[in-house]
Amino acid sequence: MPTRTDAAPGTTGRATATPRRRRRAAWVPYLPYLIPGAVAFVVVIGYPFAMNVYYSLFKWRGGMAPLRWNGLGNYADLMDDAAFWTSFQNSIAMIVAMVVVPTLVGLILAAVLFDVLGRRFGPRVSTVLRATYYLPQILPVAVAGVLWNWILNSQTGALNVILRGVGIEDPPNWLGDPSTALPSVMLVLIWVQIGYPVVIFMSALQRVDPELYEAAELDGAGWWRRFRAITIPQIRPETFVVTLTCTVAALKVFGPIYVLTRGGPESSTLVPSYYSYLNFFDKSKVGYGAAVATVLTVVIIVVAVVILGLQNRAERRELEGR
Amino acid sequence: MTTTTAVPAPTPDATGTRRPQSSRRKEDARHKRGVGRWIVLALAVVVALLMLAPFVIMVLNAFKSPSEYSQDGPLSIPTQLYLDGVQNFWTRTNFPQKLWNSVFISALVAVFGTLLSLLNAYAIGVGRIKGRLWIVTLFLVANMLPQEALIYPLFDMAQQVGLSNSQCR
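Sequences listed follow chains A and B, in order.
Quick note on this note's numbering: the first sequence kicks off at 1 and runs consecutively.
Quick note on this note's numbering: the second sequence kicks off at 1 and runs consecutively.
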């Protein structure tokens, strides 16, 4: 703060001009601090992103091959591309597996851990259980993928060994069959994802005023009523954060698909990010891949803006309600 | 409990603190008698075991010899501690170098990431630069970008400056 006055030493005498000049001079000296960040941003994000949009207007096989102007042709082709639509359909499945199920299950698990087990069996029980649920989150995605690939293997996988043990003669080829691949991937993602909402919601529950629960208990509200009337509205901000971050992550998901199925079999687990990667490095259709990536970016930003808008509206309504 | 009700005109403070306690105690007693809490605990433990199962299977087989694996499958408990698999992996993939790469990259990211954030945060938070909301929004959007929207130009740039496929030492 003292720098503000230091920055404009000559102007202190004139009363009328002082405030404006002082205010301007106050933040200008800080601008150089933004330079390293701005340079890094331009080199790593701004310029590559602009180039990606630029490439999406061309037909290009990459490398030394010539760029051939295609206008919006790549985008027009996308509209007729069944694989492109499949990939976005699968994005919805990814949202179910990474946002909807983990948030709902995480909410219940967190409430049960905090409310029932933490209170009746002591904090150590709930802490150990919470750590167990969180364990898959610290596992690198490549390790998780390889591990599950091997568990779900049709011949030697642990799951099918168990299934054969209980008498199922012909257990499915989980990741190899188009009808079971997507549900299997979703299952793995749920397993990976569930710990995150549990941890966030448990810390949120610690913030909630216990007097609310005591008052509700006095009024004879059961556990479910208290959960619905107090827990859910009180931790709404955290729910929005979890929903936003997980939805963006679900739309961007690449690693688990890459290690588990590579989009197959028969495109049954194809997602937009993997489809664009496939076009870039496998099919050498760089312009087309860039178009997929650009569309994905627009979709992510639109979805994020919608979620943030909903959050703002919910907050405003809550303020008006009081 | 009876003394609380016997007090003719309890102050708001007294009722506020004592009543919930007594009701809590009552509920605690009810829950301690009932089997409900044990069922909840059992369910939570079952979920925890399901989360742990893949790890258990992984560890179980990391120390199992190939012949034992092909004979007894992935679920059997190894009869002897087989360390050759881990040792082979460690030397064959030159794992120490991989580990060092990870350490090196994380250290660089930690140091330079913090430094950049520090400088930006100083300008935005302390300097209160005009248009700071837009700068923060820009960073947020940058965080949401899919890597695929950057990867090909970055790949191309790395090739052009000769960083690609070269051991930069």
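We put the CB at the ideal spot given by N, CA and C, even for glycine.
Compare the C-beta of residue i against all C-beta atoms of chain A and say whether one is closer than 8 Å.
| i | result |
| --- | --- |
| Pro78/B | no |
| Lys64/B | no |
| Gln160/B | no |
| Arg92/B | no |
| Pro74/B | yes |
| Asn120/B | yes |
| Pro146/B | yes |
| Ile151/B | yes |
| Val46/B | no |
| Ala29/B | Model confidence at Ala29/B stands at a pLDDT of 49, short of 50, so the residue's coordinates are unreliable and nothing is read from them. |
| Arg25/B | Residue placement at Arg25/B is flagged as unreliable, the pLDDT there being 49, under the threshold of 50; the coordinate-derived value follows with that caveat. Chain A contact via Cβ: absent. |
| Ser22/B | With a pLDDT of only 47 at Ser22/B, under 50, the local geometry of the prediction cannot be trusted, and no value is derived from it. |
| Leu41/B | yes |
| Leu108/B | no |
| Thr15/B | Because the pLDDT at Thr15/B is just 41, under 50, the model does not fix this residue reliably, and the value given afterwards should be weighed accordingly. Output row for Thr15/B: interface = no. |
| Ile105/B | no |
| Pro96/B | no |
| Leu52/B | yes |
| Leu83/B | no |
| Leu99/B | no |
| Leu163/B | no |
Any beta carbon from chain B within less than 8 Å of residue i's own beta carbon?
| i | result |
| --- | --- |
| Val42/A | no |
| Lys252/A | yes |
| Leu135/A | yes |
| Ile235/A | no |
| Gly37/A | yes |
| Leu189/A | no |
| Gly309/A | no |
| Leu331/A | In the structure as shown, chain A starts at 1 and stops at 322, and residue 331/A therefore has no counterpart that could be examined. |
| Ala229/A | no |
| Pro183/A | no |
| Phe240/A | no |
| Trp323/A | In this structure chain A extends from 1 to 322, so residue 323/A is not present and cannot be described. |
| Ile162/A | yes |
| Val271/A | no |
| Ile151/A | yes |
Going by DSSP, what residue range makes up the alpha helix (DSSP H) through residue i?
| i | result |
| --- | --- |
| Glu214/A | Pro210 to Leu218 |
| Gly145/A | Val141 to Ile151 |
| Lys283/A | Lys283/A -> no alpha helix (DSSP H), and no H or E assigned at all. |
| Thr157/B | In the sequence under discussion, the amino acid at residue 157/B is Met, which differs from the Thr named in the question. Counting along the chain, the alpha helix (DSSP H) containing Met157/B begins and ends at Glu148 to Gln160. |
| Gln87/B | Asp84 to Arg92 |
| Gly195/A | Gly195 to Arg207 |
| Lys64/B | Looking at the DSSP string, Lys64/B is not in any alpha helix (DSSP H), and its letter there is neither H nor E. |
| Phe254/A | Here Phe254/A belongs to no alpha helix (DSSP H), and DSSP marks it neither H nor E. |
| Gly122/A | That residue, Gly122/A, is in no alpha helix (DSSP H); it is neither H nor E in DSSP. |
| Leu107/A | Val101 to Ala111 |
| Ala158/A | Ala158 to Gly165 |
| Pro36/A | Ile35 to Phe41 |
| Asn101/B | Phe95 to Ala121 |
| Asn143/B | Arg132 to Met144 |
What are the partner residues of residue i, as DSSP defines its beta bridges?
| i | result |
| --- | --- |
| Phe58/A | Trp69/A |
Taking 7 Å as the cut-off, is the CB of residue i close to at least one heavy atom of the ligand GTP?
| i | result |
| --- | --- |
| Gly176/A | In terms of ligand content, the structure shown is empty, and the ligand GTP therefore cannot be addressed. |
Quiz prompt | Stretch pair the segment 135-146 of chain A + the segment 229-237 of chain A: three plus CB contacts closer than 8 Å | solution = no
Quiz item: Is the segment 162-178 of chain A close to the segment 70-84 of chain A, with three or more CB pairs under 8 Å?
Solution: no
Quiz item: If we count Cβ pairs, one from each stretch, closer than 8 Å, do we get three or more for the segment 212-221 of chain A versus the segment 116-125 of chain A?
Solution: no
Quiz item: Between the segment 121-147 of chain A and chain B, which residues of the former have a C-beta closer than 7 Å to a C-beta of the latter?
Solution: Phe121, Leu129, Thr132, Tyr133, Leu135, Pro136 and Leu147
Self-check item: Within 9 Å of chain B by C-beta, residues of the segment 51-69 of chain A in sequence order
Solution: Met51, Asn52, Val53, Tyr54, Tyr55, Gly62 and Gly63
Exercise. Indicate whether the contact test is met: 3 or more Cβ pairs, each with one atom in the segment 30-44 of chain A and one in the segment 254-270 of chain A, closer than 8 Å.
Key: no
Exercise. Can you give me, in chain order, the residues of the segment 253-266 of chain A that have a beta carbon less than 9 Å from any beta carbon in chain B?
Key: Phe254
Exercise. Give a yes or no on contact between the segment 286-303 of chain A and the segment 45-64 of chain A, applying the rule of three or more CB pairs nearer than 8 Å.
Key: yes
Quiz prompt | Residues from the segment 93-108 of chain A in contact with chain B, defined by Cβ distance under 8 Å | solution = none
Exercise. Output, in sequence order along the chain, the residues in the segment 275-309 of chain A whose CB is closer than 8 Å to any CB in chain B.
Key: Ser276, Tyr277, Phe280, Val286, Gly289, Ala290, Val292, Ala293, Thr294, Leu296, Thr297, Ile300, Ile301 and Ala304
Exercise. Report yes or no: do three or more beta-carbon pairs, one from the segment 80-91 of chain B and one from the segment 62-70 of chain B, lie closer than 8 Å?
Key: yes
Exercise. Below 7 Å between beta carbons is the criterion; list the residues of the segment 193-210 of chain A that meet it against any residue of chain B, in chain order.
Key: none
Quiz item: Is the segment 196-206 of chain A touching the segment 103-110 of chain A in the sense that three or more CB pairs, one from each, lie closer than 8 Å?
Solution: yes
Quiz item: Three or more beta-carbon pairs under 8 Å between the segment 73-80 of chain B and the segment 166-185 of chain A, yes or no?
Solution: no
Practice problem: Answer yes if the segment 295-308 of chain A comes into contact with the segment 138-147 of chain B, meaning at least three C-beta pairs across the two stretches below 8 Å, and no otherwise. | Solution: yes
Self-check item: Validate contact between the segment 106-118 of chain B and the segment 249-263 of chain A using beta carbons, cut 8 Å, 3 pairs
Solution: no
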